[in-house]
Amino acid sequence: MNILLTGASGFIGRNLAAALAAAGHRIKPACRSAGIDFSRMLSVADWLPQLAGVDAVINSVGIIGERGAQRFERLHTLAPSALFRACAQSGVRRVVQISALGADATAFSAYHLSKRAADDCLRNLDVDWFVLRPSLIYGCGGKSAELFMRLARLPLIPVIGNGQQELQPVHISDIVAVVMHSLTSPRTMQTLDIVGPETFTFAGWLQTMRQAQGLPPTRLVHIPFRAAMALTRVGRHFNPMLQAENLRMLQTGYRADGRALTQFLGRPPVTAKPGLFFSAVDPGA
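Quick note on numbering that gives the first Met the number 0: the sequence shown kicks off at 0 and runs consecutively.
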């Protein structure tokens, strides 16, 4: 297949590009390094020339925090929606949108609302669509995973409040597997939550990451939620992930039933193992 892959230089995109190439697909990257500024591709007319000869589209563009010209509305809503409408107009049938767990009726953050707007646009079009909503993704090369791995190495691990926020982390290899299956599955027009098979507390997840790095469990430093929110006023200037809304999303916690994912893949998602934190593929596969 000839596949247009947006966000090909990002964490998810890089791993998808490698898997697609290994499977014999031809990739047309849509990213800055390929001469395409995604944030400026806001109309159907911008995308139509890019879709000539394309069989499928995968949108893997995503940011966790706004910085400079990188804005949620442009990157998560306007550009993808224009791309999806261009697909419908040009006859590209297979479209895969990588959204986020929590981009549903409960969404309150600009991040989730901007993702959900593009998801809704795609679901209303006459194409064979998939909306994939991953949980927290871990694996080698992920920015959020790297941040949490650094936190886990500290002598004392800082957590928000009691640290009991629930997570269902999923390995990057399962994201890739779901996208690859979405390209050929006869059962289209699906919204799938992509979650790991285990539920961790935030504190427990950081301890798991710590042990994966060969370090023994350590004590926690409990930071009151209000104090953590105040710290984001400074932290956001150093790391786009350290935003007040991201703390609110962490505090909320997001869970989903993984049975539909297991049925779709024909197997359960991989269980967290030490080696997975340092790899983008499942060593046991």
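From the three backbone atoms N, C-alpha and C, an ideal C-beta is built for every residue, glycine too. What you are looking at is a predicted structure, and each value in this text was computed from that prediction instead of being measured.
Below 8 angstroms, can you find three or more Cβ-Cβ pairs linking the stretch 196 to 216 to the stretch 150 to 170? yes
Reduced DSSP category for Arg92 - H, G, I as helix; E, B as strand; rest coil: Mapped onto the sequence shown, residue 92 falls at position 93. The answer is coil: DSSP assigns Arg92 none of H, G, I, E or B.
Could you tell me which residues DSSP puts in a beta bridge with Thr5? Here residue 5 refers to the residue found at position 6 of the sequence shown. Answer is Ala29 and Asn58, bridged to Thr5.
Closest Cα partner of Pro79 within the set Ala102, Val60 and Arg92: For the purposes of this step, residue 79 is taken as residue 80 along the sequence shown, with counting starting at 1. Among Ala102, Val60 and Arg92, the Cα nearest to that of Pro79 belongs to Val60.
Below 8 angstroms on the Cβ atoms is my contact criterion, and I expect Leu275 with Gly138 to pass it. Report the Cβ-Cβ distance as a whole number of Å. In the sequence shown, counting from the first residue as 1, residue 275 sits at position 276. In the sequence shown, counting from the first residue as 1, residue 138 sits at position 139. Correct: roughly 6 angstroms between the Cβ atoms.
Which residue or residues does DSSP assign as beta-bridge partners of Pro157? For the purposes of this step, residue 157 is identified with residue 158 of the sequence shown, where counting begins at 1. Per DSSP, Val220.
To the nearest angstrom, how far is the alpha carbon of Leu153 from that of Met228? In the sequence shown, the residue the question calls residue 153 occupies position 154. In the sequence shown, the residue the question calls residue 228 occupies position 229. Taking the straight line joining both Cα atoms gives about 21 angstroms.
Of all the options Thr5, Ala85, Asn14 and Ala18, which has the alpha carbon lying nearest to the alpha carbon of Gly34? By 1-based counting over the sequence shown, the position of residue 34 is 35. Closest by alpha carbon: Thr5.
Whole angstroms are fine: how far does the CA of Leu264 sit from the CA of Arg70? Taking the sequence shown and counting its residues from 1, the one referred to as residue 70 is at position 71. Taking the sequence shown and counting its residues from 1, the one referred to as residue 264 is at position 265. Arg70 and Leu264: Cα-Cα distance of roughly 33 angstroms.
Host beta strand (DSSP E) of Leu214 (start-end): Taking the sequence shown and counting its residues from 1, the one referred to as residue 214 is at position 215. Here Leu214 belongs to no beta strand (DSSP E), and DSSP marks it neither H nor E.
Could you tell me whether the Cβ atoms of Leu166 and Ser134 are closer together than 8 angstroms? Within the sequence shown, numbered from 1, the residue matching residue 166 stands at position 167. Within the sequence shown, numbered from 1, the residue matching residue 134 stands at position 135. Yes, these two residues count as a Cβ contact at 8 angstroms.
Just verifying my parser: in three-state terms, what is the DSSP assignment at Leu47? Sequence index remark: in the sequence shown, residue 47 carries index 48 (1-based). Reduced to three states, the DSSP call for Leu47 is helix.
Does the pairing of the stretch 38 to 48 with the stretch 168 to 176 give three or more beta-carbon distances under 8 angstroms? no
Apart from the five residues on each side of it in sequence, which residues of its chain come closer than 7 angstroms, Cβ to Cβ, to Pro168? As a working mapping, residue 168 is identified with position 169 in the sequence shown. Closer than 7 angstroms at Cβ, skipping near neighbours: Ser134, Leu135, Tyr137, Gly195, Phe199, Trp204 and Ala271.
Alpha carbon of Asn245 to alpha carbon of Ala18, nearest angstrom: Here residue 245 refers to the residue found at position 246 when the sequence shown is read from its first residue. Here residue 18 refers to the residue found at position 19 when the sequence shown is read from its first residue. Going by the C-alpha atoms only, they are around 30 angstroms apart.
Have a look at Cys86, Arg93 and Phe83 and flag the residue whose alpha-carbon is nearest the alpha-carbon of Arg186. By 1-based counting over the sequence shown, the position of residue 186 is 187. Checked all of Cys86, Arg93 and Phe83; the closest Cα to Arg186 is Arg93.
Buried/exposed call for Glu261, threshold 16 Cβ in 10 Å: Position 262 of the sequence shown, counted from the first residue, corresponds to residue 261. A quick correction: the sequence has Thr, not Glu, at residue 261. So Thr261 counts as exposed.
Where does Tyr137 sit, in a helix, a strand or coil, going by DSSP? Taking the first residue of the sequence shown as 1, we reach residue 137 at position 138. Three-state result, Tyr137: strand.
Taking buried to mean at least 16 other C-beta atoms within 10 Å of its own C-beta, is Asp119 buried or exposed? Taking the sequence shown and counting its residues from 1, one reaches residue 119 at position 120. Classification of Asp119: exposed, given that the 10 Å Cβ count is below 16.
Give the secondary structure of Val177 by DSSP, where H, G and I count as helix, E and B as strand, and everything else as coil. Numbered from its first residue, the sequence shown carries residue 177 at position 178. Val177: helix per DSSP, three-state reduction.
Which residues does DSSP list as the beta-bridge partners of Val130? What you label residue 130 is simply residue 131 of the sequence shown in a count that begins at 1. DSSP, once it has assigned bridges, lists Gln96 and Thr190 as partnering Val130.
What's the C-alpha gap between Ala226 and Leu146? Counted from its first residue, the sequence shown places residue 226 at position 227. Counted from its first residue, the sequence shown places residue 146 at position 147. Each residue's alpha carbon lies about 20 angstroms from the other.
Take every Cβ of the stretch 61 to 68, pair it with every Cβ of the stretch 23 to 32, and state whether three or more of those distances are shorter than 8 angstroms. no
What is the rounded straight-line gap between the Cα of Val91 and the Cα of Asp125? In the sequence shown, residue 91 corresponds to position 92, counting from 1. In the sequence shown, residue 125 corresponds to position 126, counting from 1. One C-alpha to the other measures close to 10 angstroms.
Does His170 come out as helix, strand or coil in the three-state DSSP assignment? Counting from one through the sequence shown, the residue named residue 170 turns up at place 171. If DSSP states are grouped into helix, strand and coil, His170 belongs with the strands.
Smallest Cα separation from Leu100: which of Arg254, Ile62, Leu219 and Gln210? Translated into positions along the sequence shown, residue 100 becomes position 101. The candidate whose alpha carbon is nearest that of Leu100 is Arg254.
Cβ pair Phe277, Gly141 closer than 8 angstroms: For this step, residue 277 is matched to residue 278 along the sequence shown. For this step, residue 141 is matched to residue 142 along the sequence shown. Going by C-beta atoms, Phe277 is not nearer than 8 angstroms to Gly141.
Could you name the residues of the same chain whose beta carbon sits closer than 8 angstroms to that of Ala16, not counting the 5 residues immediately before and after it, in chain order? Taking the first residue of the sequence shown as position 1, residue 16 is located at position 17. Closer than 8 angstroms at the Cβ level, and outside the excluded window around Ala16, lie Leu4, Ala7, Ile26 and Pro28.
Determine the closest residue to Gly252 out of Arg73, Ala106 and Phe129, with distance taken between C-alpha atoms. Working through the sequence shown from its first residue, we reach residue 252 at position 253. Per the Cα distances, Ala106.
State the DSSP-derived secondary structure class of Gly66, mapped to helix, strand or coil. Locating residue 66 in the sequence shown gives position 67, where the first residue counts as 1. Checking the sequence shown, residue 66 turns out to be Arg, not Gly. Strand at Arg66.
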